[in-house]
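Participant: Submitted below is the structure of interest, expressed as structure tokens.
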Amino acid sequence: MAEELNYNNILIELSKAVKMHNFYPQGHPNLDSSLAKCYILLKKCVDERGEITWKIDQKGFYDGKTIIASGSLELAILAKKFLYRKVRELTFTSRLTQQDLKLILQLIKLEPEELASKGGAEAFMAGREDGGILLNEMRYEELLKLKKELAEKKAQAEALAQQAEAEGESDEEEQPPPKEAPQEKQDTFEDLLERLKKERDFLKYNDLLARAKEKAGILLGEKKCDDIFPALLVLSEHSSKESTLPAGIKQAAYEGLEAFLGDETIIRYLAGKVSQKEEPQMEIVQQMLLRGKDRAAAILLDALIDASDASARRNIYNTVILFGKTLTPHVETRLKNGQWFAVRQMAAILGELALPETLGQLEAAFKNPHIKVKREVLKSISRIQTPRSTAFLVKTLESEDRSLMTYAVIALGMRRDPAAIEPLSKIALRWEPFSDKQEPKKEAVRSLGLIGDQKAVEALTRILFRTTWFGKKINEEFKCLAAGSLAMIGGSEAMKAIETAYRQSEGELNTACKKILERKEKAL
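According to the numbering used here, the sequence shown is numbered sequentially starting from 41.
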């Protein structure tokens with residue numbers, strides 16, 4: 041158990057360092073401090089237990105066949121970062137240094153395509169250090185061999201470059217410059233896109249689209265998504281229901297857009313656009329993301345959790361909600377996140393969806409100790425109109441936390457469920473002499489009026505005519521609230537109680553009852 045706990049802590053610190061590496065430059069004290077914590081824990085484990093090997097898959101990191109920190113979304117995300125860069129196994133050896141961990145951060149920061157251009161993860165690590173970290177079942181001897189091969193290739197390349205340079209200089213001296221052959225003009229991506237906008241012949245359209253996709257592939261490899269975005273807009277317009285283009289062209293545009301949206305880089309780019317405060321193409325981008333289905337939903341939810349700006353969170357949230365019921369499995373996974381704000385966001389999404397089948401997930405999330413999470417869960421449960429959700433809110437009336445009790449009282453009133461009258465009446469009839477405990481009682485009196493059922497008249501009438509020796513001012517306030525709630529319920533019994541209170545009272549209660557009776561007279 042102690043070993044598992046150590047591995048959990050190491051991976052959590054590594055995950056923090058990876059995140060900081062995206063925000064802080066190399067050498068920043070915050071980054072160095074986070075990395076040092078990870079290194080100290082890891083080095084201690086290696087020194088005590090010898091060489092450590094972790095397997096990696098989509099769910100996370102494994103010590104043998106045992107997953108480390110099961111259910112941790114944060115570590116699952118980190119694992120995917122390694123997998124995208126074709127790292128399926130990490131081995132930490134006795135030669136481990138903090139510099140090795142810095143190389144791992146650099147490897148994670150490289151985009152998969154950029155890393156591939158450098159020969160892959162193994163070549164990247166082999167070209168830098170002495171084998172403190174080995175990747176993908178590679179042993180130290182194999183690493184030395186790879187380092188030697190890389191060094192030889194580099195030397196050969198340099199020699200060939202020098203030879204070519206020397207031969208080039210010699211040819212320039214001996215031969216006259218050749219005549220330049222006329223070059224055929226190559227269509228740029230922008231040229232192809234302009235022609236695609238105007239083309240109405242199916243065969244020509246298909247040809248232009250194929251050529252545009254080929255050039256877009258090059259731009260995508262260079263991460264120039266801004267240059268590709270106009271093509272997405274064109275294909276979105278051509279494939280829309282409102283388009284008047286021929287059916288064949290609409291279908292070709294639809295398939296072309298689907299191909300783009302199948303690329304994770306494009307999805308992440310679009311997710312970044314919806315997070316912007318002012319995105320002129322917001323609705324179109326949102327519709328594109330909806331076509332990205334599960335992959336887009338998962339990326340958006342992770343972006344929502346990671347977003348630090350409030351306006352970005354709001355825009356991402358509004359987009360995520362559009363996915364509807366398909367979100368629930370992704371949200372359920374992220375409800376297990378250890379970060380309270382992530383759980384709160386997921387609970388809010390379930391509240392927007394208001395699906396009865398998610399009540400179990402929300403009830404489990406209510407066990408989170410953070411008060412803001414509990415409030416958000418209550419808010420979400422109150423939106424789901426089922427007997428089970430009413431029962432949960434009624435149970436929450438027993439909470440020792442006054443703010444949670446008050447929120448449950450308000451939620452029950454807004455739901456207008458007669459089943460809540462009895463527990464709300466009990467709260468309303470309690471006598472609390474201390475002013476700091478009155479809020480749940482006040483809201484209970486108001487909620488009984490909002491429910492509007494005759495069953496509440498008895499309890500409200502008792503409050504209306506209650507006399508006390510202490511707390512007379514507080515009691516007067518409750519009597520006024522009870523009169524207002526009786527007026528909301530209406531009926532002969534309720535109005536008779538108000539008339540009696542008017543004749544027998546003075547001060548604020550007399551004024552409140554008088555106004556109620558005058559409104560009734562005007563309404564007749």
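Beta carbons: idealized from backbone N, C-alpha and C, even for Gly.
Just so we're clear, the structure is a prediction, and the values are computed from it rather than from any experiment.
I need the straight-line Cα distance from Ala468 to Gln316, nearest angstrom please.
Facilitator: 47 Å
Participant: Beta-carbon separation of Leu141 and Tyr79 under 9 Å?
Facilitator: yes
Participant: Does the Cβ of Asp342 have 16 or more other Cβ atoms within 10 Å, making it buried, or fewer, making it exposed?
Facilitator: buried
Participant: Please state if the CB of Thr368 and the CB of Leu395 are separated by a distance shorter than 9 Å.
Facilitator: yes
Participant: Reducing DSSP to helix, strand and coil, say where Glu34 ends up.
Facilitator: For the chain, the structure presents residues 41 to 564; residue 34 sits outside this window and is missing.
Participant: Measure how close the beta-carbons of Glu548 and Glu516 come, nearest whole angstrom, since I'm counting them as under 8 Å.
Facilitator: 6 Å
Participant: Roughly how far, in whole angstroms, is the beta-carbon of Val86 from the beta-carbon of Leu150, given that I think they are within contact range, below 8 Å?
Facilitator: About 25 Å; that fails the 8 Å criterion.
Participant: Can you name, in chain order, every residue of its own chain whose Cβ lies under 6 Å from the Cβ of Thr581, other than the five neighbours on each side?
Facilitator: Only positions 41 to 564 of the chain appear in this structure, which leaves residue 581 out of reach.
Participant: Enumerate in chain order the residues of its own chain whose CB-to-CB distance from Gly568 is below 6 Å, with the five nearest sequence positions on each side excluded.
Facilitator: This structure cannot settle anything about residue 568, because the visible part of the chain is limited to 41 through 564.
Participant: Identify whether Thr106 lies in helix, strand or coil by the three-state DSSP scheme.
Facilitator: strand
Participant: Mapping the DSSP letters down to three states, classify Lys317 as helix, strand or coil.
Facilitator: Three-state result, Lys317: coil.
Participant: Rounded to the nearest angstrom, how far is the Cβ of Arg455 from that of Ser422, given a contact under 8 Å?
Facilitator: 7 Å
Participant: Name the DSSP beta bridge partners of Glu129, please?
Facilitator: Lys95
Participant: Pull the bridge partners of Gly100 from the DSSP assignment, please.
Facilitator: Asp97
Participant: Please work out which residues of its chain come closer than 8 Å, Cβ to Cβ, to Arg240, disregarding the five sequence neighbours upstream and downstream, and give them in chain order.
Facilitator: Closer than 8 Å at the Cβ level, and outside the excluded window around Arg240, lie Leu285, Pro286, Ile289.
Participant: Could you tell me the distance, in whole angstroms, from the CA atom of Tyr102 to the CA atom of Leu260?
Facilitator: 33 Å
Participant: Leaving out five residues before and five after Lys83 in sequence, what residues of the same chain have Cβ atoms less than 7 Å from its Cβ?
Facilitator: Leu136
Participant: Let me know if Thr551 comes out buried or exposed under the rule of 16 or more other beta-carbons within 10 Å of its beta-carbon.
Facilitator: Classified as exposed, Thr551 has fewer than 16 neighbouring CB atoms from the shown chains inside 10 Å of its CB.
Participant: With a CB to CB cut of under 8 Å and the five nearest residues on each side skipped, what residues in its chain are close to Ala116?
Facilitator: Gln98, Lys99, Gly100
Participant: Less than 9 Å separating the beta-carbons of Asp267 and Arg251?
Facilitator: no
Participant: Taking the alpha carbon of Lys513 as the point to measure from, which residue in Ile529, Ala347, Glu546 has its own alpha carbon closest?
Facilitator: Glu546
Participant: Please confirm whether Glu372 and Gly391 have their CB atoms less than 9 Å apart.
Facilitator: It is not a contact, given that the beta carbons lie outside the stated cut-off.
Participant: Which residues bound the beta strand (DSSP E) around Ile173?
Facilitator: Unbroken beta strand (DSSP E) run through Ile173: 173–175.
Participant: Whole angstroms is fine: what's the gap from Lys360's alpha carbon to Ala448's?
Facilitator: Just to set this straight, residue 360 is Val in the shown sequence, not Lys. Taking the straight line joining both Cα atoms gives about 27 Å.
Participant: Buried or exposed: which applies to Glu355, given that a residue is buried once 16 or more other Cβ atoms fall within 10 Å of its Cβ?
Facilitator: The sequence shown places Asn at residue 355, rather than the Glu named in the question. Answer is buried; the Cβ neighbour count reaches 16.
Participant: Can you tell me which of the three DSSP states Ala221 falls into?
Facilitator: Note that Ala221 scores a pLDDT of 46, beneath 50, so its modelled location is shaky; the value from the coordinates is reported in the next line. Note: Ala221 maps to coil in three-state DSSP.
Participant: Out of curiosity, what's the CA-to-CA distance linking Glu88 and Ile50?
Facilitator: Approximately 15 Å, taken between the alpha carbons.
Participant: What three-state label does DSSP hand Met41 in the structure shown?
Facilitator: Bear in mind that a pLDDT of 49 at Met41, under 50, signals an unreliable position, so the number given afterwards is only what the model happens to contain. Residue state, collapsed to three classes: coil.
Participant: Need the endpoints of the alpha helix (DSSP H) that Gln291 sits in, please.
Facilitator: Counted as a single uninterrupted DSSP element, the alpha helix (DSSP H) harbouring Gln291 occupies residues 287–301.
Participant: Short of 6 Å in beta carbon distance, which residues of its chain neighbour His278, apart from the five on each side in sequence? Order them along the chain.
Facilitator: Leu285, Ala293
Participant: In or out: Tyr124 buried (at least 16 other Cβ within 10 Å) or exposed?
Facilitator: Only exposed fits Tyr124, as fewer than 16 other CB atoms lie within 10 angstroms of its CB.
Participant: Assign Gln326 to one of two classes, buried (16 or more other C-beta atoms within 10 Å of its C-beta) or exposed (fewer than that).
Facilitator: buried
Participant: Can you find the residues in the same chain that come closer than 8 Å, C-beta to C-beta, to Cys520, ignoring five residues on each side of it along the sequence?
Facilitator: Only Glu548, Leu549, Ala552 meet the Cβ criterion.
Participant: By Cβ distance below 7 Å, which residues in the same chain neighbour Glu319 in space, the five residues on each side in sequence not counted?
Facilitator: Lys313, Val325
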